[in-house]
Structure formats: structure tokens, C-alpha cells
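First the structure, in the form of C-alpha cells, and then the observations on it.
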Amino acid sequence: MFAVLADDSEPFYRKMSDSPYILQLGPFEDSVTLENLQLILMLIFSALVALAVFLWVCPLSRDMKRLDSSTHAFGQGDFSIRAYDDQPDMRTARSM
Numbered sequence: 013m014f015a016v017l018a019d020d021s022e023p024f025y026r027k028m029s030d031s032p033y034i035l036q037l038g039p040f041e042d043s044v045t046l047e048n049l050q051l052i053l054m055l056i057f058s059a060l061v062a063l064a065v066f067l068w069v070c071p072l073s074r075d076m077k078r079l080d081s082s083t084h085a086f087g088q089g090d091f092s093i094r095a096y097d098d099q100p101d102m103r104t105a106r107s108m
């Protein structure tokens, strides 16, 4: 025999067979609700997107600083300055 109440925070009762005792189950707490799970997943997704943008911007920022220093030196009259790239050009690497 079960005694189930409409409110989820209320306990459940069950009479033990061949015994005068009643077993009480609950009240149960909702540890992870759908709203909490959705919030956690949104935070994880946002953190992954932020990490991807950071990893993309770091090399871009380094190259922009190198270009800025080269253009500053060129503006000061050093016409021999070049903005070199550490990686070889793909067109010249294929022909080798």
C-alpha cells in the first residue's frame, strides 16, 4: 500500500509486508533540475567558445604587434625593415 501525496517535497510511505512497520521514503530534493543543467551546459559552452576565441586571437595579436613595430620603424625612416613571417609561403614550399 502506497500513500503518495501530490507535493513532491512530501515523503512516500509504504507498509512493510507481514510487519507492523511503515517505511518512509523522502522527502526528496531535486539536486539537478533541468534549469540547473541548462545553465551548466550554457556556461560550459560559453567557456569553450571563449577559449577558442582566445586561442585564435593570441597569434593574431602577436602578428599585429610585429606589423605595428615594422610600420613604426618604416615611418621613422628605416626603409630596410621588413615584416617577416616565421612560416614559409605555401607557394614556395610546394615548388621546393
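For the sequence shown, my numbering assigns the number 13 to the initial residue and increments by one for each residue that follows.
No residue lacks a Cβ here, since even glycine has one placed at the ideal position from N, Cα and C.
Computed from a predicted model, the values in this text were never measured in an experiment.
Assign Arg94 to one of three DSSP states: helix, strand, or coil.
Here Arg94 sits in coil by DSSP.
In the DSSP assignment, find the unbroken beta strand (DSSP E) run with Gln36 in it and report its ends.
Ile34 to Leu37 is the span of the beta strand (DSSP E), which, as asked, contains Gln36.
In the DSSP assignment, find the unbroken alpha helix (DSSP H) run with Phe40 in it and report its ends.
Note, Phe40: premise wrong, no alpha helix (DSSP H); not H, not E.
Consider the C-beta atom of Cys70 and the heavy atoms of the ligand FMN; say whether any pair is separated by less than 7 Å.
No copy of the ligand FMN occurs in the structure displayed, which carries no ligand at all.
Who are the near neighbours of Ile93 in its chain, counting only those whose CB is closer than 7 Å to its CB and skipping five residues on each side?
Result list for Ile93: Ser82, Ala85 and Phe86, in chain order.
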